[in-house]
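Each residue of the sequence shown is one higher than the one before, starting from 310 at the first, in this note's numbering. Everything below concerns the one structure shown next.
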Amino acid sequence: MASVKHPSQQHQPNTSDDHISFGVWIYVDDKYVRQVAYDLETVEEARAIAARCTGDAKVVRFTFWD
Numbered sequence: 310m311a312s313v314k315h316p317s318q319q320h321q322p323n324t325s326d327d328h329i330s331f332g333v334w335i336y337v338d339d340k341y342v343r344q345v346a347y348d349l350e351t352v353e354e355a356r357a358i359a360a361r362c363t364g365d366a367k368v369v370r371f372t373f374w375d
């Protein structure tokens, strides 16, 4: 199974026009392997989805900029 690099490992500039959203990833053997939800408005919404996942699901924060 191919692993996916965690979004926070990429350099992202810090600007005032940032848009923050949350996602849920399945985490196996110290690797993020599958995204199961994205572009969620709140961390609570992401945590609720992660709680329903079987296996080890983690909430991640994304920052988008113009």
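All C-beta atoms in this analysis are idealised placements derived from N, C-alpha and C, irrespective of residue type, glycine included. These numbers were taken from a predicted model, which means no experiment stands behind them.
How many angstroms separate the CA atom of Asp-348 from the CA atom of Asp-339?
23 Å
Beta-carbon within less than 7 Å of Arg-370's beta-carbon, same chain only, minus the 5 sequence neighbours each way: which residues are those?
Ile-329, Phe-331
Starting from Glu-353 and walking both ways along the alpha helix (DSSP H), at which residues does that stretch end?
352 to 361
Cβ neighbours of Ala-355 in the same chain (closer than 6 Å, five flanking residues each side left out)
Phe-331, Val-333, Leu-349, Val-368
Beta bridge counterpart(s) of Val-368 as assigned by DSSP
Val-333
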